[in-house]
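In this note's numbering, the protein residues as written are 593 to 1452.
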C-alpha cells in the first residue's frame, strides 16, 4: 500500500485570548503598577509611565471635545479615525495613546507623503480629525495642532476616560488603520482591531520574552509600517522603557549603531536591507569588533532574507549567543504570521533561502492550488492565512476577494481566509517562501505594487505608454525601473519626468525613468518584460565596462585633488552601475544619481579599501560629490587647518563653572563608559557611577585652576567638555574603582615622558586630560566639536604662556586629528594589548594589535 500524502496545512499553537481587552486599558494597568518607572526616552529626556498616561488622558478629553465640536461622525465602515501626522518623539506616543483613550483608531500619515497620496487617504478614510505638529495647507486643511490641544487639555482631568465618555460611547474594537499599496494600483487601508494586535503581541511576549536586564527597547520604524506596532507597544505593555529614535538617526547606519550600543539594546526589528547596511558599517572599523554584543535577538521582516546575508551575520556574531529570526507576513495579518529562528551559519549549509518557518499562536497556514485544494507537502501553493491575526478588512470594503470564507474548517476562529498573493512550499516541516503571484515587491520593507507606480508614471504629462519593473528584487542591485514612450509633441526627458514623480509618489516608490522609442512585445502582444530587464542589465554592464567607461566629469576638480576625485567618481559609478542617472561630477548628488542608504555604506566601504576615509554620516549628509571630496581623507591629506575650523560660529566656549557640573558628568560618563577604547576591555567591572565619582573628586581643582571649559552650540546646549591641568600641578586623587587600571596605564606611558622629555616646572606643560562630546552628536558634529575644542585648548595654552600641550589619545579619530591636522609630535605609539599591570595581569589582552595609545606633544 502507498503512503497517504501529507497535505500543506500547518496550525500554530491554540492560546486563550481575552478578545474584549483594549490596548490602552492594558497600558493604564501598566502605568498604575509602574507609575514612576521610565516609559519613554527621547533626546536625553525621560517620561514616566504615570506622566505618559496622565498626559494622554488629558489630551484624549481635548480630542473628544474638539471632535464633537466639529460634529464628528463615524466613516462608512462605522469607525472613528484620527489621522496623526507627526515626527517620532515622546509627543507622538502621547498622541497615539490619546487617540485610543478617546475611543478612536489612529491612522498614521507620514509627513513625507506626497500630497496626492494624503488626499486619497483622507478622502477615503474620512477621519474625524487630523492631528499634526504644524500647519501644512498643501497636505491638509483645518488640522488640530498638537500644541493647541495640549494647551486646551492642561486643565482637564488626567484620570482615564470611562467608555461612556469616548467618541462612540462604548469600548472601541478598532486600534489602527495602515495604508499599503493596493493590487489595483490605488493605496488601501487595512483595519486592525485591538484583539488582532493583542494576539500578535502575546505571542511575541511568550516566544521572545524580555530578559530581566532588558529595560530599554527601541522604537525606530516608521509609524506607517506595521512593524512599528510591536516595536512601540510590545515593550510598553510589558512595563519596559522605549527609546524613541529620530528619523535622521534611523537613516544613518553609523549613528544607529552608536545609539544601539550606547543604550545596550538587546533586540532589534529591521528589514534585511538595513541589516546589510549595519553589517557593512560594523566592518568598517576594526575597533567595532565586539560592538552590539548585548544585542542578542535580531528580527528580520518585510523583505525576503537571503541565506548569504544570514551567513554574513554569523561571520560577525560568531559567539553563538545571537539569533537571527526571519518573520513573514503583511499588514493584513498584523505584520507576521510565521517565523523561523536561525542560531548558527551551520543551519544554512548549502541553502539559498532562509525558511519562513511555522505559524504564530492562533493562526493557520494553507497552501492551496487554483481550486482551493491543499497541495501535497513539497509542492508550491498559494499561501492563505486564517485565525486571530487577520485584519478586519479594508477601508470601505475594498478588494473583498482578498478576505474569503474558509471552506476547510468549521472552527469559528478560522472562519475567514486571507489570500496573501505569495507562493510557498513545505520542506521538512517548515515553510519556504517562493515569491509573489502578482506585481507586488518589497522595497526597504515597504510593500510596493508596481501597478500603483505604473499608474503614476502613465499619468505624467507627455507619457504615451509605460511599463514598470523591479530589477533583482531584494538584492543589493535592486532597482525600480520605468520604461516609457512619449507623445510626439512631448520633449520631456527622463530627469524631468522623475522630478514630476517626486510630487506624486513616496520616496521609496520612485523609479528610474528611461525614455525609449518603443516597448518590446511578445508574439502574443504582451510586454516583453524579460527583454527590458536584459536591456537594463546590458546598460548597467556597458556603463561600467572598460571599453566604454563610466560617464565621469572632472570639470572644476582642483589639480591637487584629481587623484582622489578619480577614486571617488569611479567608485560611485561602479557601485551604482546602470542606476547612475546622469554624469558623475562635482555637482552631482549621490542620491539623485540613484544611490540609497545601503549602497552609500557600500561606497564608503570601497573608498576605505582604496585608501580614502570618510565617515558614513559625512557621506550621507553631503550635498554633492564636491562636499564628499572635501571630506575624504587619505594618509597624506592635511588640507584642513585649525584656523579654517575656528571660522565656524556654531560653537562657543565657557570656562568651567559649578553650574556646568551635571552636563559635564553626563558627557564624561556617556563618552567614556560607552565609547572609550580602553574601558571596553574592563567591562563589566567598570560602572557609570565610577565616572561620576571621578569628576566629583576632580571638580573643585578643575574649577579653581581655570584651564577647563565647556562648549555650547548656538542654542546654548552643552555639546562638549575639555578638562585640562598643568602637567606639573595635577591634584592627587584616590581612585577606588577599576578605573585605577586605566590611570595606572596612562601613568606608565606618560610619566617617563613628562619627567624626562618635556619642559619642567609649573606653567610649562598644559595637559589635555579628558575630552568628551554629547552622545546625541552625529559623526560630522562630533568631529567639528573635537576640532573646536582642540583649537580652544591651543588658545588657552598660548594665552597662559605654556610651552606646549601634552596629551594621550587612544581613539583613532583624535589620533589622526592630532598628527594630520594639529602637528603633534608623537613621543610614544604603544600597542595596548602588550601592557602588563603592576599585579602581573594583562587587562587589555583582548584588544586587537591595531589598538594603540599615542602620547603626543605640541610645542607652541
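No residue lacks a Cβ here, since even glycine has one placed at the ideal position from N, Cα and C.
It should be emphasised that the depicted structure is a prediction, and the values quoted were computed from it without experimental measurement.
Within the same chain, and ignoring the five residues on either side of residue 1348 in sequence, no residue has its Cβ closer than 7 Å to its Cβ. Between residue 863 and residue 882, the beta carbon gap of about 25 Å keeps them out of contact (Cβ cut-off 8 Å). In the DSSP annotation of this structure, the continuous segment of the beta strand (DSSP E) that includes residue 1057 starts and ends at 1055-1063.
Taking 8 Å as the upper bound for CB-CB distance, residue 1182 and residue 1248 are not in contact here, some 41 Å apart.
Apart from the 5 residues on each side of it in sequence, residue 1149 sits with its Cβ closer than 8 Å to the Cβ of 1157, 1178 and 1221 in its chain, given in chain order. Straight through space, the alpha carbons of residue 682 and residue 798 are spaced by roughly 27 Å.
Within the DSSP secondary-structure output, residue 1359 pairs in a beta bridge with 1317 and 1398. Assignment of residue 1275 by DSSP, reduced to helix, strand and coil, places it in the coil class.
Selection 1397, 769 and 1048 evaluated against residue 1418 yields 1397 as nearest (Cα-Cα). Nearest neighbour of residue 1315 by Cα position, chosen from 730, 1256, 1159 and 961, turns out to be 1256. Rounded to whole angstroms, the separation of the alpha carbons of residue 923 and residue 1028 is 16 Å.
Comparing C-alpha distances from residue 967 to each of 1437, 601, 1420 and 1356 shows the shortest one belongs to 601.
Taking residue 1097 as the centre and dropping the five residues before and after it, the same chain places the C-beta of 706, 1045 and 1048 closer than 7 Å to its C-beta, in chain order.
Exposure of residue 1146 is indicated by the presence of fewer than 16 other C-beta atoms within 10 angstroms of its C-beta.
Counting the other CB atoms within 10 Å of its CB gives residue 1192 a total of 16 or more, which places it among the buried residues. Bounds of the beta strand (DSSP E) holding residue 1013 are 1008-1019. By the Cβ neighbour-count rule, residue 1020 is exposed, with fewer than 16 other Cβ atoms within 10 Å of its own.
The alpha helix (DSSP H) runs lying completely inside the region 883-950 and spanning 4 residues or more are 899-908, given in chain order.
Under the three-state reduction of DSSP output, residue 634 falls in the strand class. Around the Cβ of residue 1215, a 10 Å sphere holds fewer than 16 other Cβ atoms; the residue is exposed. For the 8 Å CB-CB criterion, residue 977 and residue 948 do not form a contact. The three-state reading of DSSP puts residue 1218 in helix, counting H, G and I together.
A direct Cα-Cα distance of roughly 9 Å separates residue 854 from residue 884.
The bridge partners DSSP lists for residue 1302 are 1246 and 1313. Going by DSSP, residue 1289 is part of the alpha helix (DSSP H) stretching over 1280-1297.
Counting C-beta pairs closer than 8 Å gives fewer than three between the region 730-742 and the region 636-644, which falls short of the contact rule.
Counting the other Cβ atoms within 10 Å of the Cβ of residue 979 gives 16 or more, which makes it buried.
Residue 1310 and residue 1381 have their C-alpha atoms roughly 13 Å apart.
By the C-beta criterion, the region 1006-1023 is judged not to be in contact with the region 909-918, since fewer than 3 inter-stretch pairs fall below 8 Å. In this structure, the straight-line span from the alpha carbon of residue 856 to that of residue 886 is close to 6 Å. By the criterion of a C-beta distance shorter than 8 Å, residue 1195 is surrounded in its chain by 1163, 1164, 1167, 1182, 1187 and 1211, once the five residues flanking it on both sides are discounted. CA-to-CA, the gap between residue 806 and residue 623 works out to about 18 Å.
Here the alpha carbons of residue 816 and residue 1245 stand approximately 42 Å from one another. The shortest C-alpha to C-alpha distance from residue 605 to any of 929, 616 and 726 is the one to 929.
In the three-state reduction of the DSSP assignment, residue 1027 falls in the strand class, which pools E and B. Residue 978 carries a strand assignment under DSSP once its states are collapsed to helix, strand and coil.
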